[in-house]
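Chains as they are written, first to last, in full-length UniProt numbering: chain R, 1 to 406; chain A, 1 to 406. Cβ coordinates follow ideal geometry from the N, Cα and C atoms, glycine included. Structure, as structure tokens:
2 protein chains.
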Amino acid sequence: MLSVDEATRLVQSTAQPLHTETVPLAQALGRVLREPLHADRDFPPFDRVAMDGIALSYAAVAAGQQVFEIEHTQFAGQAPRPLHNPQAAIEIMTGAAMPPGTDAVVRYEDLLIAEDNNGRRTVTVQVPPTGPGFNVHRRASDRQQGELLLPAGTLLGPAEVAVAATIGAAQLLVSRAPRVAVVSTGDELVEVTETPLPHQIRRSNAQMLQAAAQQVGATAEAFHFNDDLDSLRAGLPALLQQFDAVLLSGGVSKGKADYLPQALRESGAEQIFHEVQQRPGKPFWFGRHPQGAVVFALPGNPVSTFVNYFRYAAPWLRAVQLPEPTFAAPTYAVLATDVVFKPKLTHFLLVSLQSSPTGQLLAYPERAHGSGDLASLLPSDGFLELPAEREQFAAGEVLPVWRFRW
Amino acid sequence: MLSVDEATRLVQSTAQPLHTETVPLAQALGRVLREPLHADRDFPPFDRVAMDGIALSYAAVAAGQQVFEIEHTQFAGQAPRPLHNPQAAIEIMTGAAMPPGTDAVVRYEDLLIAEDNNGRRTVTVQVPPTGPGFNVHRRASDRQQGELLLPAGTLLGPAEVAVAATIGAAQLLVSRAPRVAVVSTGDELVEVTETPLPHQIRRSNAQMLQAAAQQVGATAEAFHFNDDLDSLRAGLPALLQQFDAVLLSGGVSKGKADYLPQALRESGAEQIFHEVQQRPGKPFWFGRHPQGAVVFALPGNPVSTFVNYFRYAAPWLRAVQLPEPTFAAPTYAVLATDVVFKPKLTHFLLVSLQSSPTGQLLAYPERAHGSGDLASLLPSDGFLELPAEREQFAAGEVLPVWRFRW
Numbered sequence: 001m002l003s004v005d006e007a008t009r010l011v012q013s014t015a016q017p018l019h020t021e022t023v024p025l026a027q028a029l030g031r032v033l034r035e036p037l038h039a040d041r042d043f044p045p046f047d048r049v050a051m052d053g054i055a056l057s058y059a060a061v062a063a064g065q066q067v068f069e070i071e072h073t074q075f076a077g078q079a080p081r082p083l084h085n086p087q088a089a090i091e092i093m094t095g096a097a098m099p100p101g102t103d104a105v106v107r108y109e110d111l112l113i114a115e116d117n118n119g120r121r122t123v124t125v126q127v128p129p130t131g132p133g134f135n136v137h138r139r140a141s142d143r144q145q146g147e148l149l150l151p152a153g154t155l156l157g158p159a160e161v162a163v164a165a166t167i168g169a170a171q172l173l174v175s176r177a178p179r180v181a182v183v184s185t186g187d188e189l190v191e192v193t194e195t196p197l198p199h200q201i202r203r204s205n206a207q208m209l210q211a212a213a214q215q216v217g218a219t220a221e222a223f224h225f226n227d228d229l230d231s232l233r234a235g236l237p238a239l240l241q242q243f244d245a246v247l248l249s250g251g252v253s254k255g256k257a258d259y260l261p262q263a264l265r266e267s268g269a270e271q272i273f274h275e276v277q278q279r280p281g282k283p284f285w286f287g288r289h290p291q292g293a294v295v296f297a298l299p300g301n302p303v304s305t306f307v308n309y310f311r312y313a314a315p316w317l318r319a320v321q322l323p324e325p326t327f328a329a330p331t332y333a334v335l336a337t338d339v340v341f342k343p344k345l346t347h348f349l350l351v352s353l354q355s356s357p358t359g360q361l362l363a364y365p366e367r368a369h370g371s372g373d374l375a376s377l378l379p380s381d382g383f384l385e386l387p388a389e390r391e392q393f394a395a396g397e398v399l400p401v402w403r404f405r406w
Numbered sequence: 001m002l003s004v005d006e007a008t009r010l011v012q013s014t015a016q017p018l019h020t021e022t023v024p025l026a027q028a029l030g031r032v033l034r035e036p037l038h039a040d041r042d043f044p045p046f047d048r049v050a051m052d053g054i055a056l057s058y059a060a061v062a063a064g065q066q067v068f069e070i071e072h073t074q075f076a077g078q079a080p081r082p083l084h085n086p087q088a089a090i091e092i093m094t095g096a097a098m099p100p101g102t103d104a105v106v107r108y109e110d111l112l113i114a115e116d117n118n119g120r121r122t123v124t125v126q127v128p129p130t131g132p133g134f135n136v137h138r139r140a141s142d143r144q145q146g147e148l149l150l151p152a153g154t155l156l157g158p159a160e161v162a163v164a165a166t167i168g169a170a171q172l173l174v175s176r177a178p179r180v181a182v183v184s185t186g187d188e189l190v191e192v193t194e195t196p197l198p199h200q201i202r203r204s205n206a207q208m209l210q211a212a213a214q215q216v217g218a219t220a221e222a223f224h225f226n227d228d229l230d231s232l233r234a235g236l237p238a239l240l241q242q243f244d245a246v247l248l249s250g251g252v253s254k255g256k257a258d259y260l261p262q263a264l265r266e267s268g269a270e271q272i273f274h275e276v277q278q279r280p281g282k283p284f285w286f287g288r289h290p291q292g293a294v295v296f297a298l299p300g301n302p303v304s305t306f307v308n309y310f311r312y313a314a315p316w317l318r319a320v321q322l323p324e325p326t327f328a329a330p331t332y333a334v335l336a337t338d339v340v341f342k343p344k345l346t347h348f349l350l351v352s353l354q355s356s357p358t359g360q361l362l363a364y365p366e367r368a369h370g371s372g373d374l375a376s377l378l379p380s381d382g383f384l385e386l387p388a389e390r391e392q393f394a395a396g397e398v399l400p401v402w403r404f405r406w
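As structure tokens, then:
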């Protein structure tokens, strides 16, 4: 049976970059940039006043001058007027461009301002600037015109949106959102709005997968097929051709009603693997349609579906939005209690996570009654990946962690 | 001057729960539940078959029987038919309800199935069940009918959506989304689509705050006012009355064009504090309108705006969605290099974060040229909070961290 590492490698090998589209900046949050963005001007674009106060020539201060007449006042957004008299000063506001003839700023807190009967104002500098450029945010000191600011592949958060706005990128080339079909199977399932008979339950995996796909920027549509070969053969081919990914839950075990692998193959999907050396989720089937969707056929027990989605499908849905699909490095957490797990399977152990005052992420195993125990997900923040080779895991061990909650 | 802790406490004291609204389950992701949800039935609602195989009476196995005739086959979703002959068995699929007369399941892997010429099928049990309930997910073993599943105040992620679906909660009572007005000021600012003059720059804080507010489930509208008292007095009163929060950037320093505190007071907002012992963001002004919005008037330098939004406003916007506003406990990271910061101010230090193979979150300080250096946000994942009382911070110290990226 395939190891988790081998399955991961095979899933990753199918990731191809999605096409691109252009969106207005206001809709770009959470999307992945697919063009590099460069500085259109220097950052800052001018010698920028960093404090409210007066601008003057440092040479005058260096020569021992303490009292300066104010020639005029300059606000941010005004074109700078030069300093005419190098022994005078200009009252000036944060964000303004330094006027020609000035090279240092003294903030109000370090000045005394006096006004005579004719309205002429003078300032006495109490704390002199230490050199040219004092309280000046120098042109190009942060970034130079033409410098790369945001490489293609950047996930656009609030800071990136602000940078794009600054350089006038009102429209952004981003990855198209992955199109996901979510398919539930299982004749025991009824709609959320229905009252189930005693031996029935309501559908929940489809809603879970739709919500989870939204979290990584995908658009997800839900479908339901009955557990018979004809229903699956009739419905699957269109989905395999129209979507980037098809997420199925249920129908991949060894049961008599588990027609999915056969139906997928007959619908044109090629099996890449079936069954992984893991719990939960051993019957996971993975494949692809040569001209269409990648297929994650997840086991139908809710914890299996959930954990395997976050372990395999969510990273894939993120990766295909990148110009060169790459997968994020694992993060780690510290096991807080001893754990024994005997089967020769990689174990995805549900845990709640706490940031400890030692700066460590502590993982507390959550009690679960197996992969049917949907409610065991509620107190959990993610799952640890316990390797198949060992049975004993001691408190204090550091293990890869997959988070589904922050 | 107010300490960061005092400012935090005053900001928190203004958090009042927002009203509620009802949304369909498909739109509930990221919202905060405002009603408790209880189990409508037992979880699982019946003794549920956990493996594909045969169901039988354990008593027969205990009496030494190994070969069983198969009476019929039962799929998931079918009403269970009883086992007539206690020495026979029923072929059965995962997810089905246990038939009356059976109490244990033997999976296919532990059976041999034979069929005679008349189509009668028998199984030989090779690995006997160890007791009643074997491979059965017992009714009510996870949760009992009436048990609280999701308390009011739960943030709805994919797992919570699945649980709501299972109990038939097709409509959910959630917190109304916080309504946020984002206001930029500053005469040096032009629109993203305009080409700035040499002494102008494009607006970016408004786009940043709008995007950031979206991330916590708020709806945000943007406004711009010129830096003069009349414009502010004309525009602010309506915003203070119509929104839950008004986020402003710029206009709160000691500059000549910094009319905001006066304009806010004249528009009906009460000042709660002005200036906090922190960098960046010392001129932060905070207040509220008695019948309206809470006002976060953030300093306009982009790093100040950004950091103070995440330090004060984002937690507030999350808290007011809860039935009893509470603020999340801080998380911690380990400083990776020595840092010296001499001013008697709490320092919000931009850092990139890495999950180390020791399970620690390591914080690497990012070089920044002060609070005007917008681009310094790009490599940063968050900021450490260095207390005002000390100047020296050694590599290895554990400090509170505020993340804006995961």
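| What are the start and end residues of the beta strand (DSSP E) that includes S352(R)? | 346 to 355
Q. Looking only at its own chain, which residues have a Cβ that is under 7 Å from the Cβ of R138(R), when we skip the five neighbours before and after it?
A. D47
Note to self: Which residue marks the beginning of the beta strand (DSSP E) containing T337(R), and which one marks its end?
What the structure shows: Note, T337(R): premise wrong, no beta strand (DSSP E); not H, not E.
contact_flag[the stretch 52 to 67 of chain A, the stretch 14 to 23 of chain A] where n(CB pairs < 8 Å) is 3 or more: no
When the cut-off is 8 Å and only beta carbons count, does M208(A) lie next to chain R?
yes
- Item | E221(A) - DSSP class collapsed to helix/strand/coil | strand
How big is the Cα-Cα spacing for D373(A) and V401(A)?
-> 20 Å
Q: For the stretch 329 to 351 of chain A, enumerate the residues whose C-beta is nearer than 7 Å to any C-beta of chain R, in chain order.
A: T331, Y332, A333, V334
Looking at the C-beta of R176(R), does it have a partner C-beta in chain A at a distance below 8 Å?
no
Exercise. Would you mind reading off the limits of the alpha helix (DSSP H) that contains A62(A)?
Key: 58 to 62
Considering just the uninterrupted stretch of the alpha helix (DSSP H) at A89(A), what are its terminal residues? That residue, A89(A), is in no alpha helix (DSSP H); its beta strand (DSSP E) goes 89 to 92.
* Asked: With C-beta atoms as the reference, is M98(A) less than 8 Å away from K256(R)?
  -> no
Please list, in chain order, all residues of the same chain as Y332(A) whose beta carbon is under 8 Å from its beta carbon, the five residues on each side excluded.
L361, V398, L399, P400, V401
Is there a Cβ from chain R that is less than 8 Å from the Cβ of W285(A)? no
Straight-line Cα distance separating F348(R) from F341(R): 10 Å
Tell whether a beta-carbon distance below 8 Å holds between V246(R) and A293(R).
-> yes
**Asked** Based on the DSSP secondary-structure assignment, which residues constitute the bridge partners of R179(R)?
**Response** T219(R)
Can you confirm whether Y108(R), when its beta carbon is compared against all beta carbons of chain A, has any partner nearer than 8 Å?
yes
* Asked: For the beta strand (DSSP E) that contains S249(A), what are its first and last residues?
  -> 245 to 249
CB contact check: G211(A) to chain R, cutoff 8 Å
Looking at the sequence provided, one finds Ala at residue 211(A) rather than Gly. Chain R contact via Cβ: present.
### Query
So which residues of chain A does S3(R) contact, with C-beta pairs closer than 9 Å?
Chain A residues near S3(R): none, gap ~20 Å exceeds 9 Å.
(message) List, in chain order, every chain A residue whose beta-carbon is nearer than 8 Å to that of N205(R).
(response) A162
(request) Verify the CB distance criterion: does T358(R) have a CB-CB separation below 8 Å to chain A? (result) yes
| request: Could you check if K344(A) is buried or exposed, using at least 16 other CB atoms within 10 Å of its CB as the buried criterion? | output: exposed
message = Cutting at 8 Å between CB atoms, please list the residues of its own chain near P44(R), excluding the five before and the five after it.
response = H137, R138, R139, A140, S141, D142
**Prompt:** Per DSSP, Y364(A) is paired with what?
**Reply:** S352(A)
task = Identify the continuous alpha helix (DSSP H) that holds V4(A) and give its terminal residues.
result = 4 to 13
Open item on the list: Suppose the cutoff is 7 Å on Cβ atoms and the five residues either side in sequence are ignored; what does the same chain contact list for I113(R) look like?
Closed with: R121, V123
Ends of the beta strand (DSSP E) at R233(A)? That residue, R233(A), is in no beta strand (DSSP E); its alpha helix (DSSP H) goes 229 to 242.
For L232(A), which residues from the same chain have a beta carbon less than 7 Å from its beta carbon, with the 5 sequence-adjacent residues on both sides left out? F225, Y259, L260, A263
Any C-beta of chain A under 8 Å from that of H274(R): no
Original post:
Can you tell me the Cα-Cα spacing of Q277(A) and A368(A), whole angstroms?
Top reply: 20 Å
With 8 Å as the threshold, decide whether the Cβ of E188(A) is near any Cβ in chain R. yes
Margin query: Looking at the secondary structure, which residues open and close the alpha helix (DSSP H) in which E109(R) lies?
Written below: No alpha helix (DSSP H) contains E109(R), which DSSP labels as neither H nor E.
Problem - Amino acids of chain A, ordered along the chain, whose beta-carbon sits closer than 9 Å to that of F223(R) - result: Simply none; closest approach about 14 Å.
Are three or more beta carbon pairs between the stretch 142 to 153 of chain A and the stretch 181 to 191 of chain A nearer than 8 Å? no
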